[in-house]
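Student:
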Amino acid sequence: MAGPDYPGLDTLALHAGAQPDPATGARATPIYQSASFCFPDSDYAASLFNIERAGHVYSRLSNPTNAVLEERIAALEGGVGAIATASGQAALHLAIITLMGAGSHIVASAALYGGSHNLLAYTLPRFGIETTFVDPRDPQAFANAIRDNTRLVFGETLGNPSLDVLNIPAIAEVAHAAGLPLMVDSTTTTPYLIKPFELGADIIQHSATKFLSGHGIVIGGLLVDSGQFDWEASGKFPTLSEPYEGFHNLIFTEEFGPAAMIQRARKEGLRDFGACMAPTSAFHILQGIETLSVRMNRHVENTRTITAFLLEQEQVTRVGYPELDGHPDQTLARALLPNGCGAVFSFDLAGGREAGIAFVDALSVFSHLANIGDAKSLVIHPASTTHHRMDAEALAAGGIGEGTIRLSIGLEDPKDLIADLKQGLRAAGKAAGGSR
Amino acid sequence: MRIEVNSERVYCYTNSRDIDRNKPSVMFIHGSGMDHTVWTLASRHFARHGNNVVSVDLPGHGRSTGDPLVTVEEMASWVIAVLDALDIADAALVGHSLGSLIALECAASYSERVRAIALVGTTSPMPVSDAILNAAEADDHAAFDMLTQWGFSKRHQFGGNRNSGIWMIGNTLRLYERSAPGVLFHDMRACNEYTSGTDQAAKVTCPALLILGAEDRLTPVRSTRALQEAIPSTMVEVLPGAGHTIMVEAPNAMLDALHRVL
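Chains as they are written, first to last, in this note's numbering: chain Z, 1 to 436; chain V, 1001 to 1262.
This is the structure in structure tokens:
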């Protein structure tokens, strides 16, 4: 039996979380650029502090503009709630410190954004949280790495840099069998391309700086809780299922049920670590999300055009996009990502490091910078920038060659992008000693 | 707090406090397929304001064991048994939807145990459509979807929660999904078959407050006329913008309204 239809993704992207401003009737969500909010009387103030009323106290904890963004992403992902954070890194950190403390362990995909890898591999061990990195294509490797003190399984929907497609259903099954939640970073896919909660994931992290915004003008992150994981049944999460001395012995699972995790993250992690989002950033991200579907569709269309072009070029020895023949995750991508595999991919140029540098320097429509997910097309040569400390052997271990180029395909007219790439290929050919 | 009633474990949220016989008591009763967490804000509020709060999970719901009860009358009898087990002589009862019918039945049949009632998102009779009943009986997710969608006002289909960061549609749906198979059907059937509410309402002698959502699509304001007329000296608060899920859609306005009887 079919129930009534919920509003669709495009409608939620425009409306979820927002109502015309009750004070002014403003249709756009206003920027509530205020650090704090007045209390009508002392009892009202006390009731806000004691979680008896809905409302705002101080913008580190909550803010009306941020609240709209938080509801919107929770609605788009199909979760129970969300928190807007200062950056995507802050969202990852907030999730981890909400779920565990010193002596805990994480099992993570080895194919992670460099910033996430740094946090897990180098910084958190200093605070007593260790991570084992495993092959993202091997669910059994995740299972084998789980220990008694493991508290989280983590991966990216599309791994960095080879676009390994995370087998969310299989890895969620592994995690759940061990009483653990699966968290995924869905930055490059957004809810337009994949709905991780419907596939079994329990927590989603976004860098909202990227495709959710599209404009590249803010730094922001989002943490989304599905409300599907049973923290009490697991028995491994005392921060959620036992009295919290920092809030009058509140037990989050008892008082907030499905929203226990996201409420603890706000009441403790956001309060104490303070990595909140600025309301103006929330406003800018909301403007981006309004056009999410339209942009993502064009991003993917342009990416397909560009990958097809690159495949025809003699100088290009590999194009790593999961939809293409030869990518090891092509079948999985068709099942999990039918609307496309995003707009970030890498390809290898013949001619090594010199060719790569020459290629990047010759481009004029593509912007040479360290970001992805802008409406404008972006390029970077990892061997000379993000991974410049690595020698050829270390690069190869990370799936990166000296001639590897990473592109983030934007919304420009694809013929102009192709013309620009041709310029780059000519320069690369000269640098490599060829005559193309 | 966990107690035992009829050989089954009963969970009561009490704000981590023991029952104090010198304080007035307020019992919160959730609606169909829900649990005590729908009352978290309100129960925290009235606990701070000098009340014993007892927010129950009905049998088979949330953390309470046992089979779900079949009729509203059985549920009312069970509520009185919970008061007995807690050694509470009388209490104000706040009920939502099915919970409001239980509170009404308690006030009519056990008047000496009930000092006030607040009926939130209520009406009587409370007929349930065949579409919902059939889906609930089949444990079809469509029953959750119907109740979630029609349980909120049209404007709140898009959220606008003043409780930051919580997507109220998603949270409500998860609560339904957590209910054990068959629970929702038992609850909805109990609502549907409780046809004596208006007659029982005439027996209510304690202060009574109806808190209604102006845009309620499951228990519309217009359907409450008979109930309003049947309860002697009833008070009515109609909350603008709210649908049926008033605790979530209008938590602050509901608190303010509850102070009229609590």
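C-beta atoms are modelled at their ideal positions from N, C-alpha and C, and glycine is treated no differently.
1) In whole angstroms, what is the alpha-carbon distance linking residue 404/Z and residue 1135/V?
2) For residue 62/Z, return the contacting residues in chain V, with the cut-off set at a CB-CB distance below 8 Å.
3) Do residue 1158/V and residue 12/Z have their C-beta atoms closer together than 9 Å?
4) With DSSP as the reference, label residue 1115/V as helix, strand or coil.
5) Counting C-beta neighbours from all protein chains within 10 Å, is the total for residue 205/Z 16 or more, i.e. buried, or is it exposed?
6) Would you check if the distance between the CB atom of residue 275/Z and the CB atom of residue 87/Z is smaller than 9 Å?
7) Can you tell me whether DSSP reads residue 435/Z as helix, strand or coil?
8) Can you find a CB in chain V that lies within less than 9 Å of the CB of residue 256/Z?
9) Could you name the residues of chain V that residue 53/Z contacts, counting a contact when the two beta carbons are closer than 9 Å?
10) Whole-angstrom Cβ separation of residue 1152/V and residue 1169/V, contact assumed at under 8 Å?
11) When you compare the region 126–144 of chain Z with the region 93–105 of chain Z, are there three or more beta-carbon pairs, one atom per stretch, that lie closer than 8 Å?
12) List the residues of chain Z whose Cβ lies closer than 8 Å to the Cβ of residue 1175/V, in chain order.
13) Is the shortest distance between the beta-carbon of residue 1013/V and the beta-carbons of chain Z less than 9 Å?
14) Have a look at residue 1075/V and residue 1102/V and give me their C-alpha separation to the nearest angstrom.
15) Can you find a CB in chain Z that lies within less than 9 Å of the CB of residue 1029/V?
16) On the three-pair Cβ rule with 8 Å, is the region 1201–1213 of chain V touching the region 1110–1125 of chain V?
17) Could you check how far apart the C-beta atoms of residue 1230/V and residue 1250/V are, in whole angstroms? I think they sit under 8 Å.
18) For residue 276/Z, name the three-state secondary structure that DSSP assigns.
19) Going straight from the alpha carbon of residue 371/Z to that of residue 251/Z, what length do you get?
20) Could you tell me which uninterrupted alpha helix (DSSP H) segments, each at least 4 residues in length, are contained entirely in the region 1192–1242 of chain V, listed from first to last along the chain?
21) Say whether chain Z places a C-beta atom closer than 9 Å to the C-beta of residue 1242/V.
22) Can you name, in chain order, every residue of its own chain whose Cβ lies under 6 Å from the Cβ of residue 1071/V, other than the five neighbours on each side?
23) My understanding is that residue 1012/V touches residue 1094/V, with C-beta atoms under 8 Å, so please give their C-beta distance in whole angstroms.
24) Can you give the Cα-Cα distance for residue 51/Z and residue 1177/V, rounded to whole angstroms?
25) Tell me which residues share the same chain as residue 168/Z and place their Cβ nearer than 6 Å to its Cβ, disregarding the 5 neighbours each side in the sequence.
26) Just tell me which of 35/Z, 41/Z, 47/Z and 65/Z has its CA closest to the CA of residue 1040/V.
27) For a contact meaning CB atoms closer than 9 Å, what does residue 205/Z contact in chain C?
28) Got a sec, what are the start and stop residues for the beta strand (DSSP E) residue 406/Z sits in?
29) Does the CB of residue 365/Z have a neighbour CB from chain V at under 9 Å?
30) Would you call the region 354–367 of chain Z in contact with the region 178–188 of chain Z, where contact means no fewer than 3 C-beta pairs closer than 8 Å?
31) For the beta strand (DSSP E) that residue 115/Z lies in, which residues bound it at each end?
32) Near residue 219/Z, what residues of its chain come up, given a Cβ to Cβ distance below 6 Å and the 5 sequence neighbours on each side ignored?
33) Would you mind sorting residue 374/Z into buried or exposed? The rule is 16 or more other CB atoms within 10 Å of its CB.
34) In angstroms with no decimal places, state the Cα-to-Cα distance between residue 339/Z and residue 1001/V.
35) Given a threshold of 16 other Cβ atoms within 10 Å of its Cβ, counted over all protein chains shown, does residue 172/Z qualify as buried or as exposed?
36) Show which residues of chain Z have a CB atom less than 8 Å away from the CB atom of residue 1130/V.
Tutor: On the basis of the coordinates in this document:
1) 55 Å
2) 1164 and 1165
3) yes
4) strand
5) buried
6) yes
7) Confidence at residue 435/Z is low in this model, with a pLDDT of 42, below 50, so its placement is unreliable and no value can be given for it.
8) yes
9) 1041, 1045, 1162, 1163, 1251, 1252 and 1255
10) 7 Å
11) yes
12) 257 and 258
13) yes
14) 6 Å
15) no
16) yes
17) About 25 Å; that fails the 8 Å criterion.
18) strand
19) 40 Å
20) 1197–1201 and 1225–1230
21) no
22) 1190
23) Not really, about 14 Å apart at Cβ, beyond 8 Å.
24) 25 Å
25) 196, 199, 200 and 201
26) 47/Z
27) Going by chain labels, chain C is absent from the structure shown, which instead holds the protein chains Z and V.
28) 404–408
29) no
30) no
31) That residue, residue 115/Z, is in no beta strand (DSSP E); its alpha helix (DSSP H) goes 114–118.
32) 87 and 209
33) buried
34) 49 Å
35) buried
36) By Cβ distance, chain Z contributes nothing, its closest Cβ being about 11 Å from residue 1130/V, past 8 Å.
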